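Trainee: Numbering (the UniProt record's numbering), first residue to last: 1 to 292. Following this message is one structure expressed as structure tokens.
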Amino acid sequence: MRDFSQNIDWLSINTATIRKQHGQEVALNTLLDQCAAAGIRAVSPWRDQVAAIGLQATAAQLRAHGMSLSGYCRGGFYPAADKVGLQAALDDNRRAIDEAKTLNSACLVMVVGALPGALEGKPHYKDIGRARQEVVDGLAASLEYAREVGMPLAIEPLHPMQAADRACINTLEHALDICDALDPEATGALGVALDVYHVWWDPKLAQQIARAGAKRLLAYHVCDWLTPTADLLQDRGMMGEGVIELKKIRQWVEAAGFAGYSEVEIFSQRNWWQRSGDDTLQACKQAHQAVV
1 MRDFSQNIDW
11 LSINTATIRK
21 QHGQEVALNT
31 LLDQCAAAGI
41 RAVSPWRDQV
51 AAIGLQATAA
61 QLRAHGMSLS
71 GYCRGGFYPA
81 ADKVGLQAAL
91 DDNRRAIDEA
101 KTLNSACLVM
111 VVGALPGALE
121 GKPHYKDIGR
131 ARQEVVDGLA
141 ASLEYAREVG
151 MPLAIEPLHP
161 MQAADRACIN
171 TLEHALDICD
181 ALDPEATGAL
191 GVALDVYHVW
201 WDPKLAQQIA
211 RAGAKRLLAY
221 HVCDWLTPTA
231 DLLQDRGMMG
241 EGVIELKKIR
251 QWVEAAGFAG
261 YSEVEIFSQR
271 NWWQRSGDDT
281 LQACKQAHQA
291 VV
């Protein structure tokens with residue numbers, strides 16, 4: 001296993017981690033400057049943040065700082081109430097692939113979606129089997145274009161608590177089953193983004209990480225699971241604050257062949273989003289060296 005204790009060469013910051021500072025939203029160009037000043041050489045930005053300052057401006061700033069992208073957030077959200085919605089999702093994912101390619105991202109992270117309308121409290125249907133099939137069909141269509149342009153797609157399985165509204169793919173095993181069905185030769189075009197927050201609890205985790213191997217493990221996200229958790233979406237902990245066995249999981253991931261960035265992704269309305277970006281980045285650096 002790589003030694004992270006001496007430097008932050010393999011630390012990446014998902015810009016969600018510092019998108020709010022002192023409770024206020026901060027523009028992506030400022031976030032990128034802060035990361036560069038902290039010596040961080042990789043990030044993973046969100047599409048809405050990029051859109052707010054412009055795709056070309058983002059690309060130029062990344063080049064100026066010499067930054068890489070460990071991933072781009074996010075594609076997916078395929079299920080829809082009707083054919084018009086399904087086509088709109090495919091069109092949007094095509095745009096996301098193009099954006100990820102322009103930014104030279106390592107992959108496009110796919111949060112696949114679930115029951116359409118559930119996020120707004122008004123699901124159009126309750127058939128999760130239908131939603132899962134629409135996800136597979138959508139991924140198959142997106143994969144065809146992603147192969148053409150050379151942008152790997154990384155399915156991110158989400159914790160079962162988000163099966164209704166954000167992602168109906170909830171285990172690494174399920175995500176890999178889809179990868180095997182759509183990309184049976186494991187070409188590197190389709191894989192997974194492994195976020196410890198969503199999978200740490202899975203009794204099959206070690207087995208499925210080994211199954212994934214280097215060709216399927218496209219991104220690795222870290223944070224911690226607090227006890228008690230005050231909010232299942234926006235109360236993630238800094239690494240070392242919670243109960244996730246971070247070093248054990250990274251050992252499994254690296255034994256399977258992953259050699260990329262450990263990307264810190266923390267949603268923290270009550271704690272880290274109330275601090276300055278500099279303080280949060282310093283804590284990320286220290287925790288990455290000590291406990292990741």
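Every residue, glycine too, gets a C-beta built ideally from N, C-alpha and C. It should be emphasised that the depicted structure is a prediction, and the values quoted were computed from it without experimental measurement.
Measuring only the C-alpha atoms, how far is Arg19 from Ala37?
Mentor: Position 19 of the sequence shown, counted from the start, is the residue given in the question as residue 19. Position 37 of the sequence shown, counted from the start, is the residue given in the question as residue 37. When rounded, the distance between both Cα atoms is 16 Å.
Trainee: In terms of residue numbering, what span does the beta strand (DSSP E) encompassing Ile209 cover?
Mentor: Residue 209 sits at position 209 when you count from the first residue of the sequence shown. Not the beta strand (DSSP E): Ile209 falls in the alpha helix (DSSP H), residues Leu205 to Arg216.
Trainee: For Thr30, count neighbouring C-beta atoms within 10 Å of its own C-beta (all shown protein chains included) and say buried if the count is 16 or more, exposed if not.
Mentor: One-based indexing of the sequence shown puts residue 30 at position 30. Result: exposed.
Trainee: Among all the DSSP beta bridges, which residues are the ones paired with Glu265?
Mentor: For the purposes of this step, residue 265 is identified with residue 265 of the sequence shown, where counting begins at 1. Note: Glu265 sits in no beta bridge, so no partner.
Trainee: Taking the alpha-carbon positions, what's the Tyr220 to Leu205 distance?
Mentor: Position 220 of the sequence shown, counted from the first residue, corresponds to residue 220. Position 205 of the sequence shown, counted from the first residue, corresponds to residue 205. The alpha-carbon atoms of Tyr220 and Leu205 are separated by roughly 14 Å.
Trainee: List the endpoints of the continuous alpha helix (DSSP H) containing Gly129.
Mentor: Within the sequence shown, residue 129 is the residue found at index 129, counting from 1. Element bounds for Gly129: Ile128 to Val149.
Trainee: As a quick exercise: from Gln21, Ile266 and Ala114, pick the residue whose alpha carbon is nearest that of Ser12.
Mentor: As a working mapping, residue 12 is identified with position 12 in the sequence shown. Among Gln21, Ile266 and Ala114, the Cα nearest to that of Ser12 belongs to Ile266.
Trainee: Give the secondary structure of Gly121 by DSSP, where H, G and I count as helix, E and B as strand, and everything else as coil.
Mentor: Walking along the sequence shown from the start, residue 121 turns up at place 121. Three-state result, Gly121: coil.
Trainee: Fully enclosed by the stretch 163 to 242, which alpha helix (DSSP H) runs are 4 residues long or longer?
Mentor: The stretch 163 to 242 contains these whole alpha helix (DSSP H) runs: 172 to 182, 196 to 199 and 205 to 216.
Trainee: For Ala283 and Asp177, what's the separation of their Cα atoms in angstroms?
Mentor: For the purposes of this step, residue 283 is taken as residue 283 along the sequence shown, with counting starting at 1. For the purposes of this step, residue 177 is taken as residue 177 along the sequence shown, with counting starting at 1. Approximately 36 Å between the Cα atoms of the pair.
Trainee: Counting only the same chain and skipping the five closest in sequence on each side, list residues whose C-beta sits under 6 Å from that of Gly257.
Mentor: Within the sequence shown, numbered from 1, the residue matching residue 257 stands at position 257. Within the same chain, Gly257 has close Cβ partners Gly213 and Ala214.
Trainee: Let me know the secondary structure DSSP gives Glu25 once reduced to three states.
Mentor: Looking up residue 25 in the sequence shown gives position 25. If DSSP states are grouped into helix, strand and coil, Glu25 belongs with the strands.
Trainee: Contact check, Met1 vs Arg250 under 8 Å by CB: the rounded distance?
Mentor: Residue numbering aside, residue 1 sits at position 1 when the sequence shown is read from its first letter. Residue numbering aside, residue 250 sits at position 250 when the sequence shown is read from its first letter. Correct: roughly 6 Å between the Cβ atoms.
Trainee: Go through its chain and collect everything with a Cβ distance to Arg147's Cβ below 6 Å, but skip five positions before and after it.
Mentor: Here the question's residue 147 lines up with position 147 in the sequence shown. Ala189, listed in sequence order.
Trainee: Thinking C-alpha only, which one of Gln6, Cys35 and Gly23 is nearest Asn14?
Mentor: Here the question's residue 14 lines up with position 14 in the sequence shown. Looking at the Cα atoms, Cys35 is the closest of the given residues.
Trainee: Can we count Arg19 as close to the ligand GTP, meaning its CB is less than 7 Å from some heavy atom?
Mentor: Summarising the ligand content, the structure contains no ligands, and the ligand GTP is consequently not present.
Trainee: How far does the alpha helix (DSSP H) with Arg63 in it reach, from first residue to last?
Mentor: One-based indexing of the sequence shown puts residue 63 at position 63. Here the alpha helix (DSSP H) through Arg63 covers Leu55 to His65.
Trainee: Using a Cβ distance threshold of 8 Å, determine whether the stretch 119 to 136 contacts the stretch 90 to 97, with at least three qualifying pairs required.
Mentor: The answer is no - the stretch 90 to 97 does not touch the stretch 119 to 136, with fewer than three Cβ pairs under 8 Å.
Trainee: State buried or exposed for Met151, treating a residue as buried only when at least 16 other CB atoms are found within 10 Å of its CB.
Mentor: In the sequence shown, residue 151 corresponds to position 151, counting from 1. Per the 10 Å Cβ criterion, buried.
Trainee: When DSSP labels each residue in this structure, what does Leu31 get in the three-state scheme?
Mentor: Within the sequence shown, residue 31 is the residue found at index 31, counting from 1. The answer is helix: DSSP assigns Leu31 an H, G or I state.
Trainee: Determine the extent of the beta strand (DSSP E) in which Gly76 is found, giving its start and end residues.
Mentor: In the sequence shown, residue 76 corresponds to position 76, counting from 1. Run containing Gly76: Tyr72 to Gly76, per the beta strand (DSSP E) assignment.
Trainee: Relative to the C-alpha of Ala167, which residue among Trp10, Asp9, Val50 and Tyr78 is closest?
Mentor: For the purposes of this step, residue 167 is identified with residue 167 of the sequence shown, where counting begins at 1. Ranking the options by Cα distance to Ala167, first place goes to Tyr78.
Trainee: Going by DSSP, what residue range makes up the alpha helix (DSSP H) through Leu90?
Mentor: The residue given as residue 90 occupies position 90 in the sequence shown. Per DSSP, Leu90 belongs to the alpha helix (DSSP H) from Lys83 to Thr102.
Trainee: Given a threshold of 16 other Cβ atoms within 10 Å of its Cβ, counted over all protein chains shown, does Thr187 qualify as buried or as exposed?
Mentor: Taking the sequence shown and counting its residues from 1, the one referred to as residue 187 is at position 187. Thr187 comes out exposed.
Trainee: Excluding the 5 residues preceding and the 5 following Ala164 in the sequence, name in chain order all residues of the same chain whose CB lies nearer than 6 Å to its CB.
Mentor: Taking the first residue of the sequence shown as position 1, residue 164 is located at position 164. Closer than 6 Å at the Cβ level, and outside the excluded window around Ala164, lie Ala114, Leu115 and Ala118.
Trainee: I need the boundaries of the alpha helix (DSSP H) containing Ala42, first residue and last residue.
Mentor: The count along the sequence shown starts at 1 and reaches residue 42 at position 42. It is not in any alpha helix (DSSP H) - Ala42 instead sits in the beta strand (DSSP E) that spans Ala42 to Ser44.
Trainee: For Ala140, I'd like the list of residues in its chain whose CB is within less than 7 Å of its CB, leaving aside the five on either flank, ordered along the chain.
Mentor: One-based indexing of the sequence shown puts residue 140 at position 140. Excluding positions up to five away in sequence, the list reads Leu182.
Trainee: What is the residue span of the alpha helix (DSSP H) that Ile8 lies within?
Mentor: To locate residue 8, count along the sequence shown from 1; it is residue 8. From DSSP, Ile8 is part of no alpha helix (DSSP H); its letter is neither H nor E.
Trainee: With a CB to CB cut of under 6 Å and the five nearest residues on each side skipped, what residues in its chain are close to Gln289?
Mentor: Sequence index remark: in the sequence shown, residue 289 carries index 289 (1-based). Here the set comprises Phe4 and Ser5.
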